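Before any comments, here is the structure.
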Amino acid sequence: MRAFISSVYLFLYAPIALVVLFSFNAGRNASEFSGFSTAWYGKALGNSFLVSALQNSLMIAFTSAALAAVFGTMAALGMERLGPRMRALFDALLAAAIVVPGVVIGIATLVALVALFSFVNPALASLWPGERPPQLGLGYGSIIAAHGLFSMALVTMIVKARIASLGRDIVEASSDLYATPLTTFRLIVLPQILPSILAGFLLAFTFSFDDFIIAFFVAGSKTTLPIYVFASIRRGVTPEINAIATMVLAASLALILSARLLIREKKSKSGE
Amino acid sequence: MTAALVAPAAAWLVVFLVLPFVAMLVFAFGERAPEGGYQPAFTFAQFANLPTRATAFWNTLMLAPAGALLCLLVAYPTAYYLAVKANPRFRLILVSLVVVPFWTSLLVRTYAWMYILGSRGIPNLLSMIGIEDVRLLNTPGAVLLGIVYGYLPLMIMPIYVSLEKLDRRLLEASADLGAKPASTFFGVTLPLSLPGVMTGVALVTILLLGEYLIPQLLGGGKVFFIGNALVDLFLQSRNWPFGSAIAVTLVAVVVVVLMVAMRIAWKVAGTRQVDLV
Amino acid sequence: MTKWYRENAPITAVKLADELMRLKRGSVTRRHFLGVTGLGFATAVLARQPGLFNSTAFAGDLGSQMSIATWPNYHDPATFEAFTAATGVAVEVNVFGSNEEMLAKLQAGGTGWDLFVPTNYTISTYAKLGLIDELDMSQLPNYDPSTQNARFTHEGMVDGKTYAVPKNWGTTGIAVNSSKIKAPVSSWKDFFEVAMTEADGRTMVHDYQLTTIGNALVSLGYSFNSIKSDELAKAEELLIRVKPHLYAINSDYQPAMRATDAWMTMCWTNDGAQLNRDMPEIAYVLGKDGGEIWTDFYAIPKSAANKPAGYALLNYLMAPENAVKEHIANGAPTTDSRVLKLLPEEVTSNKIVYPDEASLTPLEFGAAVTLTDPGRAELMARFKAA
């Protein structure tokens, strides 16, 4: 059993170890180790395309996850009070948003937006009073929207499950005591569902940050980190990519650890 | 109030899910423009052409469940160990370590596998002990390995959660009543963890039905999933209508697989309390 | 010309005087002087278009970034580094495996490319679809049509207008690792036979219709450009039979050939030259039964966001002294006699790069119709999905 478990962890971590190892490669090639060097970290941070791809990815992941967290939570709260028919329809759409494969989401969004723009852009051009009418096109907006679709459905599902597990009685008690719905939400409901919202946000962020296939179709001229990495697999990976991947891994590990410590500190303060 | 709460989500679902799907459906009945792309028409030709992609559909329908089951074979013992056998002091760390790989790009990790399976990796080690010219990369085996690697954490987690909820007193009771470990496992542990297993298998199968990257990188353009056929139709043949028809069909396949999985899950678990998504 | 470029900041009076003194002392050539001071550029423009003083050729703001879409292993990275050093414009290099994919991307819109490298058979379609503009030749003083070999360049012109200027020409042949494969390979017929026998599981074909289908057609005795359905059906039958024996369907075959994961592949001149240079056991063979001869061009997409930078890089690449460095690095033969003159003997005598005229005779240029023919597109897609 032990041996089996160790080999599972070896299986999970061998490629990651390799990625980290090659980030310290002195050579140009990501497939032949020719000495230790940290030069690629500097080169990665000095590569304006790689850095802007990373920034784009962070911005898109944060925005889509934040929108998803807000709208998803609102939907989860509102759905409770929908009629059974509407609720079933809503549930079906949310499930669809989660199970429809990413490649289909990417293609369908592309097809629909290209068709939409072919109507909207000429219309805008004819109505626009000025010299240069705005042109709608693929870009940040389309990636955020397409990522947000899955993320929002995810957050709604998670928060809805949490709300369902909450006792109705404390909410009722609160309103019996003449608290306004908003006060009840702020003081009673929100603290209880906050961990679920945060969990949903984190999942959504991770999903968006790592997504390749949806962005590949709807990104237009924008480059996200996965798109950049995919392109560099074609033109020959340099250890720059390994360096960026290692930095992202280190940053997320640091975040997880500090979150853990924060929670522990909070718990010990509140005397649990 | 209710309307205001659900309005943004509803609008999002309509604009970025329903409308694109409708657009795709419309395109699926259209024609390929002479230079590629789409031109309006009303024809069933695209759907009539679907049998030419039978192999890709078949590959996908075989490899996706096969990949999920292979994943399960590795994931179950791991989850069992984590939930039941592992030292409680290290349990949290061990569980976190299963999730951490998700924080490095799947693309980068799959690229690492390209190296490990390529000539400079394992075949090179094998040639040192006299086994020459072994080829691993760009085979269905490599794709399956990539799949197990990529989806293992997604399989381990639901099983771990269902095993962790398991009341340990049941296991002790079973042992006290003289059951051998094996019969305790098959009589108590396994049935109680089935919801987790079902969730994991269904989740991984459904995600695999739309897989593109792993066959692309580890299959060398030879091991084709329907996702790859789809991308190819948009990025090489520029046949948007046929691509749309395939995408619509793929969604139908996913829905059918999902419904079958739910049916099985309900039957096995004997309850309707199985959350697949 | 390009020296001017390298120090493209407007020259100061002091520096001008300084350079003038150096010229007098003979420590710099006239060429360098003209380059550094920008006079070379001015005279070149004047020579070309009398009276045009306020050319916007390099005067416009080039921005800080641009993007080029090109092929694998096709440029010397040092070229782009030098361009960036000279102009402050960082160049993002996007690599594609097929013209078909480039076209698909441009058709879907929003590529962000400011310059790209289409092959001869695609130019007329791009022009027809309005995806590329006629080039503004006044922004390309380094391009000289009179030094170009018309055999390779005529497809850049559509209806008498220049839409694209040539990058280089080349052939599509067979790269064979002779230490692994002993059977003789000298035709596409041999290629497909060996792929199913000695090179079983070790052969690569391109990931696009033109050459993969074209070479299968050639091996069967048909034209490389055939769109006849019965001939295509035979080619499909052959390709489907070969597929289980292939290592991969991928246009980026250098890594696999270098790692000896693959032993034989469809191969372009430049890759053949690079592979043979580093691994002499890899030979590059032209099919004696036929195959492709091609010219790659530079064109500027209509949708380019930073056209000034696109033109600037194109003009930079057209300068013989830059083109010759690119040539030596990537091994693709030139269409420009000015570049040919600057090449060292070892390049011009390299039979992979400049093969005998006789071996080129059976080869065909790709025909525009193959790009848009639905039969070929669907055949390729079926082959890959099989």
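Protein chains in written order, with the numbering used here: chain X, 1 to 272; chain E, 1001 to 1277; chain D, 2001 to 2386.
Note that CB positions come from ideal geometry on N, CA and C, so glycine has one too.
Please read these numbers as outputs of a predicted model, since none were measured by experiment.
Buried/exposed call for residue i, threshold 16 Cβ in 10 Å
{"i": "D:LYS2302", "result": "exposed"}
{"i": "E:GLY1146", "result": "buried"}
{"i": "X:SER48", "result": "exposed"}
{"i": "D:ASP2114", "result": "buried"}
{"i": "D:LYS2341", "result": "exposed"}
{"i": "D:PRO2166", "result": "buried"}
{"i": "E:ILE1131", "result": "exposed"}
{"i": "E:VAL1022", "result": "exposed"}
{"i": "D:ASN2276", "result": "buried"}
{"i": "X:VAL248", "result": "buried"}
{"i": "D:GLN2148", "result": "buried"}
{"i": "X:LYS160", "result": "buried"}
{"i": "X:THR183", "result": "exposed"}
{"i": "E:ARG1109", "result": "buried"}
{"i": "D:PRO2308", "result": "buried"}
{"i": "E:MET1001", "result": "exposed"}
Coil, strand or helix - residue i by DSSP
{"i": "D:GLU2092", "result": "strand"}
{"i": "X:ALA26", "result": "coil"}
{"i": "D:TYR2298", "result": "strand"}
{"i": "X:PHE36", "result": "strand"}
{"i": "X:ILE227", "result": "helix"}
{"i": "E:GLY1037", "result": "strand"}
{"i": "E:GLY1141", "result": "helix"}
{"i": "X:SER52", "result": "helix"}
{"i": "E:ASN1239", "result": "strand"}
{"i": "E:PHE1044", "result": "coil"}
{"i": "D:GLU2364", "result": "strand"}
{"i": "X:LEU136", "result": "coil"}
{"i": "E:VAL1134", "result": "coil"}
{"i": "X:VAL237", "result": "coil"}
{"i": "D:VAL2176", "result": "strand"}
{"i": "X:PRO129", "result": "coil"}
{"i": "E:TYR1212", "result": "coil"}
Closer than 8 angstroms to chain E by CB, residue i
{"i": "X:ALA61", "result": "no"}
{"i": "D:ASP2261", "result": "yes"}
{"i": "D:GLY2201", "result": "yes"}
{"i": "D:LEU2106", "result": "no"}
CB contact below 8 angstroms: residue i versus chain X
{"i": "E:TRP1058", "result": "no"}
{"i": "E:PHE1242", "result": "no"}
{"i": "D:ALA2368", "result": "no"}
{"i": "E:ALA1041", "result": "no"}
{"i": "D:VAL2095", "result": "yes"}
{"i": "E:PRO1008", "result": "yes"}
{"i": "D:ARG2031", "result": "The pLDDT assigned to D:ARG2031 is 48, lower than 50, so where the model puts this residue is not dependable; a value taken from the coordinates is nonetheless given after this. No - not a single Cβ of chain X is within 8 angstroms of the one on D:ARG2031."}
DSSP bridge partner residues for residue i (one or two, in chain order)
{"i": "D:THR2162", "result": "D:MET2157"}
{"i": "D:ASP2336", "result": "D:GLN2148"}
{"i": "D:ASN2168", "result": "D:ASP2296"}
{"i": "D:THR2119", "result": "D:ASP2296"}
{"i": "E:ASN1228", "result": "DSSP output for E:ASN1228 lists no bridge partner at all."}
{"i": "D:MET2066", "result": "D:VAL2091"}
{"i": "D:ALA2248", "result": "D:MET2204"}
{"i": "E:GLU1031", "result": "E:GLN1039"}
{"i": "X:ILE16", "result": "X:ILE16 pairs with nothing; no bridge assigned."}
{"i": "D:ILE2132", "result": "D:PRO2301"}
Any C-beta of chain D under 8 angstroms from that of residue i
{"i": "X:LEU116", "result": "no"}
{"i": "E:ASN1239", "result": "yes"}
{"i": "E:GLN1236", "result": "yes"}
{"i": "X:PHE216", "result": "no"}
{"i": "E:PRO1034", "result": "yes"}
{"i": "E:LEU1233", "result": "yes"}
beta-carbon residue i near the ligand NAP non-hydrogen atom, thresh 7 angstroms
{"i": "D:THR2125", "result": "In the structure on display, the ligand NAP does not appear, and there are no ligands present to speak of."}
Neighbour list for residue i in chain C, Cβ cutoff strictly below 9 angstroms
{"i": "D:GLN2274", "result": "Although the question refers to chain C, the structure presented lacks it and instead comprises the protein chains X, E and D."}
At which residue ranges does the region 2252-2296 of chain D contain complete beta strand (DSSP E) runs of 3 or more residues, listed in the order of the chain? 2264-2268 and 2282-2285
Could you tell me which whole beta strand (DSSP E) segments of length 3 or greater appear in the region 63-89 of chain X? none
Note down, one range per segment and in chain order, each alpha helix (DSSP H) of at least 4 residues found wholly within the region 136-215 of chain X. 140-165, 168-176, 181-184 and 190-210
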